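Remarks on the structure that follows.
What follows is the structure, given as C-alpha cells:
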C-alpha cells in the first residue's frame, strides 16, 4: 500500500524593487496577488523580517477601488531598515495579513544583519595617524550594504551603480588651503528614505572614537537649536540615526541632500547644506 505524503502548502510570494527615487508614501500590492489576501483582508497588516524576527511593523491597509495598499507604517519600515538603495524585497505571505520579508541588497546578496538603534557595540579600532598632521576631507558617496555574502562574490545589479566609501586626500600643494579650514569635517549624503548619515570610518576613528561618543549634537549652519543625534556602530561602519529625522524635518534638509558636517569641539557639529536633492 502506497502512503500518500501530504503536499506542502504552496508559498505565496511577491517582490518589490526599492529604488532611490521610490515613493515612500505607500506600497501597492500586485494586482495578481490580491486574490490570495481578499478573504483575510483587514485594516492592518504585520511585517516581519525573515532574518530578524525580534521586530515587527504594523502597517495600515487601504483598499481603493480594486487596488490594495500598505500606507501608514510603511514609511517607518523603510526608514528603520535603511531601504532606498536598489534593494530587492521578497514578501512571503504567512496568512492572516502577516508577511515575512527577505531583503536583498544591490549586490544580489540577502541581508542578514540589521541595525538595532537601541543597543549598539562601539568596537572600532583605535585612530590611525596621518603623516604631516594635516586635516583630511572624507566623502561618503553612498550607503554601505549589509549582506550575507562575501565581498565581490556576486555581480552588482546592472541597473544600480555601486557606491563606495572613499577617503579624498589633499595633495601637498593644497596644504595652505587646507589650513584655512580650522575645523575637521566630512561630506555625506542623507540617505534616501532612511534618514541616516554615514560617518567615514577614518573621521570617526580620529575625532570621535577615543572619547566613546554615543551621541553628537547637530546644528544647522544658520540656526540656533542643537539636536541630539545617536551614533550607531554596525559592522565597523558608523552612522547617525536616532534624532536625525527631527533635525532634518525641522531644518528642511531634504532626503538625498549632500551636507558638510563640521566638528567644532568635542561632539558639536555644524551642518552646511552643499547640494539639495
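Residue numbers (the working numbering): 14 to 290.
Backbone N, C-alpha and C define an ideal beta-carbon position, used for all residues, glycine too.
Note that the coordinates shown come from a computational prediction; the quantities given were computed from them, not determined experimentally.
- Rounded to whole angstroms, residue 76 and residue 106 show a C-alpha spacing of 18 Å.
- Under DSSP, residue 103 takes part in a beta bridge, and its partners are 28 and 115.
- Between residue 122 and residue 253, the alpha-carbon positions lie close to 24 Å from each other.
- DSSP places residue 49 within a helical segment (H, G or I) once states are collapsed to three.
- With a cutoff of 8 Å on beta-carbon distance, residue 109 and residue 53 are scored as near each other.
- When DSSP states are grouped into helix, strand and coil, residue 270 belongs to the coil group.
- Residue 92 sits in a helix when the DSSP states are folded into three classes.
- Straight-line measurement puts the Cα of residue 272 at about 6 Å from the Cα of residue 200.
- Boundaries for residue 109: no beta strand (DSSP E) harbours it, and the DSSP string shows neither H nor E there.
- Annotation for residue 220: the continuous alpha helix (DSSP H) segment containing it runs 214-220.
- Looking at the DSSP output, residue 75 shares a beta bridge with 82.
- Around the beta carbon of residue 202, a 10 Å sphere encloses 16 or more other beta carbons of the protein chains shown; the residue is thus reported as buried.
- Residue pairing for residue 245: DSSP places it in a beta bridge opposite 252.
- The continuous alpha helix (DSSP H) containing residue 257 extends over residues 257-263.
- Under the three-state reduction of DSSP output, residue 223 falls in the helix class.
- For residue 124 against residue 208, the beta-carbon gap comes to about 18 Å, at or over 8 Å, which does not count as contact.
- Residue burial annotation: residue 100 is buried, with at least 16 other C-beta atoms found within 10 angstroms of its C-beta.
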